[in-house]
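What follows is one structure encoded as C-alpha cells, with my remarks underneath.
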Amino acid sequence: MTIRAITTEAGLSEATLFKWLSRYRASGEAGLRPGGGALRPGRQQLPAAVKATMVEAKRAEPTWGVKRISQFMKRMLHLPWVIGVTPPQSSTS
Numbered sequence: 520m521t522i523r524a525i526t527t528e529a530g531l532s533e534a535t536l537f538k539w540l541s542r543y544r545a546s547g548e549a550g551l552r553p554g555g556g557a558l559r560p561g562r563q564q565l566p567a568a569v570k571a572t573m574v575e576a577k578r579a580e581p582t583w584g585v586k587r588i589s590q591f592m593k594r595m596l597h598l599p600w601v602i603g604v605t606p607p608q609s610s611t612s
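So this is what it looks like as C-alpha cells:
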C-alpha cells in the first residue's frame with residue numbers, strides 16, 4: 520500500500536502521517552496520545568492548585584476566555600505573567 524493510498528483512505532495529509540509515525544517511533548503508543556505523552560522541551564507543568572483555580576474561574580465565569588482568566592490570575596492571585604518566567608525588573612539607576 521502506498522503512502523498516498525494510506526493518507527487518502529485515512530483522510531490525513533502526508534505531513535500528519537509522518538508526524539504520527541515519528542512520534543510512534545520515538546515514544547511508542549504514548550506518543551500518539553493527545554499531548555504526545557510528555558511535555559514539550561522547555562515547558563513546565565502547571566501546579567495542580569493553579570490549574571484548579573483556573574478551572575474554577577472558568578466554571579464561575581463561562582464567558583471568560585484565556586486572556587481574561589490570565590489577567591485574573593495575575594491581578595487577583597499575584598501570579599507572574601508567565602509561569603516559570605520572571606518578569607523584567609525595573610531599573611533603579
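Reminder that position 53 of the sequence shown reads as 572 in our numbering, one-by-one numbering, no gaps.
Each residue gets a CB set at the ideal place from its N, CA and C atoms; glycine is no exception.
Quantities reported herein were computed from a predicted structural model and do not represent experimental measurements.
Item	Value
Simplified DSSP state of P553, which is helix, strand or coil	helix
Beta carbon of R542 nearer than 8 Å to that of L536	no
Inter-residue Cα distance where the pair is G556 and K577	In this predicted model, G556 has a pLDDT of only 49, less than 50, meaning its place in the structure is not dependable; the value taken from the coordinates is given anyway. Distance between the alpha carbons of G556 and K577: 25 Å.
Helix, strand or coil at G547 according to DSSP, with G and I counted as helix	helix
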